[in-house]
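Everything on this sheet refers to the single structure shown next.
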Amino acid sequence: MTNSEIAKTLRDIAAVYSIKDEKKHYFQIAAYQRAADTLERLTIEASDLFVQGRLREIKGVGQTIAGYIEEMVKTGKVKHFEELKKTVPPAVFPLLNIPKIGPKTAFKLVSVLKLKRAENVVEELEKKAKKGEIAAIEGFGEKSQSDILRAIEEYYRGKTKTRRMVFPFALEIAERVVSYLKKCPEAKQVEILGSLRRKAETVGDIDIAVASDQPQKVLAWFGKYPEKERVIEVGDATSSILTSGQRQVDVMVQPSGAFGSLLQHFTGSKAHNIHLRTYAQSKGLSLSEYGIKSSKQITVNRKQLIANKKLLYQFSKETDFYEAIGLQWIAPEMREDTGEIELAIKHKLPDLVELKDIKGDLHTHSSFNIEPSHDLGANTIGEMAKKAENLGYKYLGLAEHNPSITAHNNNQIYDLLCRRNMVIEKINTSNTNITLFKLLEVDIQADGNLALDDKILELLDGAIVSIHSSFRLEKDEMTKRILKGLSHPKARILGHPTGRLLNERPGIEADWPDIFEFCQKNNKALEINSWPYRLDLPDTMVREAVKMGVKMVIDTDSHASDQMDVMRYGVYTARRGWATKENILNTLPPDMFRKWLENK
DNA sequence: GCCGTTTTCGGCCCGACTGTTTTCAGTCG
Numbered sequence: 366m367t368n369s370e371i372a373k374t375l376r377d378i379a380a381v382y383s384i385k386d387e388k389k390h391y392f393q394i395a396a397y398q399r400a401a402d403t404l405e406r407l408t409i410e411a412s413d414l415f416v417q418g419r420l421r422e423i424k425g426v427g428q429t430i431a432g433y434i435e436e437m438v439k440t441g442k443v444k445h446f447e448e449l450k451k452t453v454p455p456a457v458f459p460l461l462n463i464p465k466i467g468p469k470t471a472f473k474l475v476s477v478l479k480l481k482r483a484e485n486v487v488e489e490l491e492k493k494a495k496k497g498e499i500a501a502i503e504g505f506g507e508k509s510q511s512d513i514l515r516a517i518e519e520y521y522r523g524k525t526k527t528r529r530m531v532f533p534f535a536l537e538i539a540e541r542v543v544s545y546l547k548k549c550p551e552a553k554q555v556e557i558l559g560s561l562r563r564k565a566e567t568v569g570d571i572d573i574a575v576a577s578d579q580p581q582k583v584l585a586w587f588g589k590y591p592e593k594e595r596v597i598e599v600g601d602a603t604s605s606i607l608t609s610g611q612r613q614v615d616v617m618v619q620p621s622g623a624f625g626s627l628l629q630h631f632t633g634s635k636a637h638n639i640h641l642r643t644y645a646q647s648k649g650l651s652l653s654e655y656g657i658k659s660s661k662q663i664t665v666n667r668k669q670l671i672a673n674k675k676l677l678y679q680f681s682k683e684t685d686f687y688e689a690i691g692l693q694w695i696a697p698e699m700r701e702d703t704g705e706i707e708l709a710i711k712h713k714l715p716d717l718v719e720l721k722d723i724k725g726d727l728h729t730h731s732s733f734n735i736e737p738s739h740d741l742g743a744n745t746i747g748e749m750a751k752k753a754e755n756l757g758y759k760y761l762g763l764a765e766h767n768p769s770i771t772a773h774n775n776n777q778i779y780d781l782l783c784r785r786n787m788v789i790e791k792i793n794t795s796n797t798n799i800t801l802f803k804l805l806e807v808d809i810q811a812d813g814n815l816a817l818d819d820k821i822l823e824l825l826d827g828a829i830v831s832i833h834s835s836f837r838l839e840k841d842e843m844t845k846r847i848l849k850g851l852s853h854p855k856a857r858i859l860g861h862p863t864g865r866l867l868n869e870r871p872g873i874e875a876d877w878p879d880i881f882e883f884c885q886k887n888n889k890a891l892e893i894n895s896w897p898y899r900l901d902l903p904d905t906m907v908r909e910a911v912k913m914g915v916k917m918v919i920d921t922d923s924h925a926s927d928q929m930d931v932m933r934y935g936v937y938t939a940r941r942g943w944a945t946k947e948n949i950l951n952t953l954p955p956d957m958f959r960k961w962l963e964n965k
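Note that the first sequence covers residues 366 to 965 in this note's numbering.
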């Protein structure tokens, strides 16, 4: 039972309550949706949290929902939910995946058009729409009929409510839109916001804010974006378009003087904003993208509000907005409502690690051919060193995959590594700007032994140990395997610990609290692998590691010199896990890092 | 159904936009 499956079930239940009696169940519905929201974004499986007795630690999961999740994990379903779902036609649920179709619309369509079977309800609905049967329903018209047809078409082509892209892919789209918007003469300032600004590992849609005194002109400009497929909607201050790649881009415009509150609002997360606004309310203040007003004042429409500055306090800078409600400014990466607001009230937020703190990359693969078991890098050791120098690093770890152990005997492997070490030493003596470390990425075999024997490992300053095979061991066996691999004195870093690939492969199953405890006690480090499809450790696990005092390193796993630029993604992940400089070993100066590496 | 520096009861963020409507319901972020 995965988190997204659990979330889907909770959303279905929220939909059932909406259909039955939305007013009566208003807050219950919100509660189910809130729990689903957090579950979808969680990078730890709820089923694991259940085993550890920690379900209640999930935001928005209280006694009741925790009980339902427990039942789901144990039996695959929830009796109470099964009963509830029987009260609405089954064909309602598949329609909820289609954009712009919510519970009410789905129920009305299914009931009036007598759509019986859940399996083919989308196709049936499409047929009826083409026959003009939707337009004939009361409350619908020609326009809503064609909108539904288009939504179905886009749904077939991959636009659903939950499809997410990996961060750099979304960033690339966003940057193209930004450079286009910046050419608009009326746009004074353009910023990427939303989950992109929070540096979330995956991104749903793209949010951009523009400062301008002429929103209409900016929105008209946006509507002519060359890569757009269509304009989804356009209003006084906001607009959404669909790109040719079926990605949604939302733009909001505010005058420069109110830009600070817009940045805050549009950065989110939703949960962060709700908590922030609830807190402000307790102080008699009402927060929105327009600024801060006293919640006791009569609500007037937006244009009046903006015209009458006495009613509304506006902010050009985001820091001022937070300050006005007595809070420390919160780094966007932390804005997930996982305790950051409480700390900001006390002005005790951690000082997060930054890219400029990084003194070296430790996990890089050169093209020096040690005949490895996995892929070789594309650039020479010298080229990698040069790139590291250009990045301002003080040290660089060469960590090619270990030589294939099926294709060589120990003497051959020994010789291969001696040859590589000579090249490294030559650079170390001739170039005083950078220190190269003799590392290696060594496989932890299925039995927990390292792929190389002790005599060979002695040639190294240290080893990054990783799993590259047998991903599907039982949890206990996997945990023992990792602990055994890490126990070797030369094993210093656990590479891409979970082995997950975003949108492709889930991580391995292991007893992470045990592994974290072992690392903390034995001075081993966990890697935060910056490769955008890995981001491994995931942010929530970084947070756990920080809490337990486990040291980490941020690496790129580069197989070419230009790939060393992805370091920033690892830093983002570390920041989302609330890591400070002190938690990250490769912020240390070279001599101190060497001491750690040699376990002194 | 969740949650707590005001609370274990009584509240629960705030707003945009569209289509089908003459004042609002539904969806979305």
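All C-beta atoms in this analysis are idealised placements derived from N, C-alpha and C, irrespective of residue type, glycine included.
Paired residues, beta bridge with residue i - DSSP
i: Arg870; result: Leu866
i: Asn776; result: In DSSP, Asn776 forms no bridge with anything.
i: Met617; result: Ala574, Thr603
i: Asp339; result: Residue 339 falls outside the range modelled here, since the chain spans only 366 to 965, and no answer is possible.
i: Ile949; result: Met917
i: Glu387; result: Answer is none; Glu387 lacks a bridge partner.
i: Asp901; result: Asn894
i: Ser831; result: Asp808
Residues near residue i in its chain [Cβ-Cβ closer than 7 Å; skip 5 each side]
i: Glu498; result: Leu478
i: Gly625; result: Phe680, Ser681, Lys682, Glu683, Asp685, Phe686
i: Val915; result: Phe881, Cys884, Gln885, Leu891
i: Ala494; result: Gln510, Ile513, Leu514
i: Lys845; result: Gly813
i: Lys496; result: none
Residue i (DSSP reduced to helix, strand or coil)
i: Pro454; result: coil
i: Ile663; result: Since pLDDT at Ile663 reaches only 41, below the 50 mark, its modelled position is unreliable, and the value read off the structure follows with that caveat. Coil, per DSSP.
i: Ala565; result: coil
i: Pro468; result: helix
i: Ile671; result: Residue confidence for Ile671 is low, a pLDDT of 42 falling below 50, so the modelled location carries little weight; the figure read from the coordinates is stated next. Residue state, collapsed to three classes: helix.
i: Pro768; result: strand
i: Arg595; result: strand
i: Gly625; result: helix
i: Pro550; result: coil
i: Ser476; result: helix
i: Ile746; result: helix
i: Tyr433; result: helix
Whole-angstrom distance between residue j and residue i, CA atom to CA atom
i: Glu707; j: Ala764; result: 41 Å
i: Ala552; j: Pro620; result: 10 Å
i: Gly656; j: Tyr678; result: 5 Å
i: Glu947; j: Ala939; result: 12 Å
i: Asp808; j: Gly872; result: 17 Å
i: Val907; j: Phe532; result: 18 Å
i: Lys547; j: Glu537; result: 15 Å
i: Val438; j: Met366; result: 6 Å
i: Leu756; j: Ile463; result: 46 Å
i: Arg865; j: Asn775; result: 31 Å
i: Asn894; j: Asp922; result: 7 Å
i: Ser609; j: Trp586; result: 17 Å
i: His640; j: Pro580; result: 29 Å
i: Ile663; j: Lys889; result: With a pLDDT of 41 at Ile663, under the threshold of 50, the predicted position of this residue should be treated as unreliable, and no value is reported.
i: Pro455; j: Arg941; result: 39 Å
i: Ala350; j: Lys648; result: What the structure shows of the chain is the stretch from 366 to 965, and residue 350 is not part of that stretch, so it cannot be assessed.
Contact belief for residue i with residue j at Cβ below 8 Å, rounded distance in angstroms
i: Ile571; j: Arg612; result: 7 Å
i: Phe446; j: Thr374; result: 6 Å
i: Thr525; j: Val718; result: With a Cβ gap of about 35 Å, Thr525 and Val718 do not count as contacting.
i: His833; j: His739; result: 6 Å
i: Leu859; j: Tyr898; result: No, Leu859 and Tyr898 are not in contact; Cβ-Cβ is about 18 Å, not under 8 Å.
i: Arg376; j: Ala395; result: Contact flag wrong, Cβ pair sits at about 12 Å.
i: Leu692; j: Glu654; result: Rounded, the Cβ-Cβ distance is 17 Å, inconsistent with contact.
i: Leu460; j: Leu449; result: Not quite, the Cβ-Cβ distance comes to about 18 Å (not below 8 Å), so this is no contact.
i: Ile700; j: Thr643; result: Note on identity: in this sequence residue 700 is Arg, with Ile being the wrong assignment. Not quite, the Cβ-Cβ distance comes to about 15 Å (not below 8 Å), so this is no contact.
i: Lys752; j: Met929; result: 5 Å
Cutoff 8 Å; reference residue i; Cβ partners in own chain excluding five residues on either side
i: Pro588; result: One point to set straight first is that residue 588 is Gly, not Pro, in the sequence displayed. Excluding positions up to five away in sequence, the list reads Val596, Val599, Ser604, Ile606.
i: Glu405; result: Asn368, Ser369, Ala372, Thr527
i: Ala689; result: Ile657, Tyr678, Phe680
i: Tyr758; result: Ile723, Lys724, Gly725, Asp726, Ile799
Residues of its chain near residue i, where Cβ-Cβ distance is below 6 Å and the 5 sequence neighbours each way are ignored
i: Leu900; result: Glu566, Thr938
i: Ala483; result: Pro455, Ala456, Pro459
i: Ala709; result: Leu692, Gln693, Ile695
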